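Rendered as C-alpha cells:
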C-alpha cells in the first residue's frame, strides 16, 4: 500500500514565476506519512505504530 509523503521541501513542481524546481535530494523515510485511515463503523480496533527512535504510540 503506498504511503503519503509529508516532507517540508518541495520535491517537484514549479516556482510562482513558472521556473522548474530542481530536485536536490530523494524522499526520506522520516518524511513519510501513514497509510489512509479507511475508517469504518464497528468495534474499535487500535493499532500500535512504531515511531522514530523505536518508541510506540
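In my numbering, the protein residues as written are 33 to 89.
Positions of the beta carbon are idealized from the N, C-alpha and C atoms, including for glycine.
Treat the numbers as computed from the prediction; the structure is a model and nothing was measured.
Annotation: the stretch 57-86 contains no complete segment of the alpha helix (DSSP H) (minimum length 4 residues).
When secondary structure is reduced to three states using DSSP, residue 55 falls in the coil class, being assigned neither helix nor strand. Residue 47 and residue 73 have their alpha carbons spaced roughly 43 Å apart.
Going by C-alpha positions, residue 81 is about 21 Å away from residue 59.
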